[in-house]
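If you want the working numbering, it's the 1-based position in the sequence shown plus 39. Here's the structure we're looking at; comments come further down.
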Amino acid sequence: MALPLSALDLALVPSGGNYKTAIDRTVEIAQYLEQTGYKRIWVAEHHNMPFVASSSTAILIAHIANHTQSIRVGSGGIMLPNHSTLSVAEAFGTLEALFPNRIDLGLGRAPGTDTRTAMALRGENYRQFYDFEAHILDLDSYFKNDSAITPVRAFPGEGANMPLYILGSSTDSAHLAAKLGLPYAFAAHFAPRMLPEAAEIYRREFQPSDVLTEPYFMVCVNAIIADSEEEAAYLSTTLFQTFIGVVTNTRKPLQPPVKSMDGLWNEEIKQVLQNMLGASFIGSKESVTPSLKGFVENLQIDELIVSAALYDMEDRRKSYRLMKEIGDSL
């Protein structure tokens, strides 16, 4: 049985482009993924990050869905502390009304930015300690409410078919997703260290719900697949340059690949990146398939979410196509 594949796109501005370029590229890749048979594409909420065009996540989701026909489109994720639960219910209720049975609502507990920006986003509602579980339940209650006497209701939103997903990069989120009986998506593409432990916790503690009778575990990884290992290694330097910007806070637009990383990193930064990018599959279809197969089987992954930070769109399409061929063979 083929492994379901999805994609995470950050709408990164490429070198020489602008925010419209980034959004147009995201739409283009969503259309290609739809044609290729991917299940869903998610975009992520980030703030105060130059060259990332996904801060107004619900608007971007609407734009992508409006330019595609069948692929599911959603948030990977909405950073719930930044919003009132009512506003999220109304926004995603509106999306569901516009694009029935195509919208996913992935939820994260982090702000998706630095502390100062989080304070600016939340204003007087900023709080250092946040009850993620309580706000998920509150959000879900807006979608499920069927009582006319409820004093505050979400329109659109009430009665919407809105699947919720718990996102995370630690064991805290694993415990919560299991407790609530919700699908769980782990961000291994930048924080793989706790992945095995989180996978074990989620499956061991899972409690069936009206959403799921058994666990549904999703993992996001980096994947750069090319015709040869040498080509994939060359193309992966775009990914490395992007993460150097994250680590050193010297962000740049998405950079073209380079023949050598010499001079772009030192041994300390290289080690940091190796730890952050441990869940990355870089190579040819033939070289990646065995390792990916073992990865999926060992962690009992139900769906793989692919992030492909590639500069050239043709290279990116090829990587997603080859990855789909790998997924179909697993």
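By construction, the Cβ of each residue, glycine as well, lies at the ideal position given by its N, Cα and C atoms. The model shown is predicted, which means the values in this text are computed figures rather than measured ones.
- Residue environment for E236: exposed (fewer than 16 other C-beta atoms within 10 angstroms of its C-beta).
- In the DSSP assignment, G113 forms a beta bridge with W81, D143.
- By the CB criterion at 8 Å, G132 and L206 fall outside the cutoff.
- Scanning P254, M315, L176, V258 for the CA closest to the CA of I283 turns up M315.
- It is roughly 43 Å from the alpha-carbon of N288 to the alpha-carbon of T252.
- When rounded, the separation of the alpha-carbon atoms in F320 and Q74 is 23 Å.
- The segment 241-250 and the segment 351-364 do not touch, with fewer than 3 CB-CB distances between them shorter than 8 Å.
- Ranked by how close their Cα comes to the Cα of D179, the residues M352, T124, D153 have T124 in first place.
- Note: S45 is bridge-paired with I344 in the DSSP secondary-structure output.
- Linking A230 to A83 through their CA atoms gives a straight-line distance of about 15 Å.
- With respect to the C-alpha of S267, the residue from A157, S94, V327 having the closest C-alpha is V327.
- When beta bridges are read from the DSSP output, F245 appears opposite no residue.
- Take the alpha-carbon of L338 and the one of M257: they are about 10 Å apart.
- Shown here for M300: same chain residues with a beta carbon closer than 7 Å to its own, the five before and five after excluded, namely T276, F279 in chain order.
- Restricting attention to R356, G366, A347, L349, the CA atom closest to the CA of D341 is found in G366.
- Counting C-beta pairs closer than 8 Å gives three or more between the segment 60-70 and the segment 45-52, which meets the contact rule.
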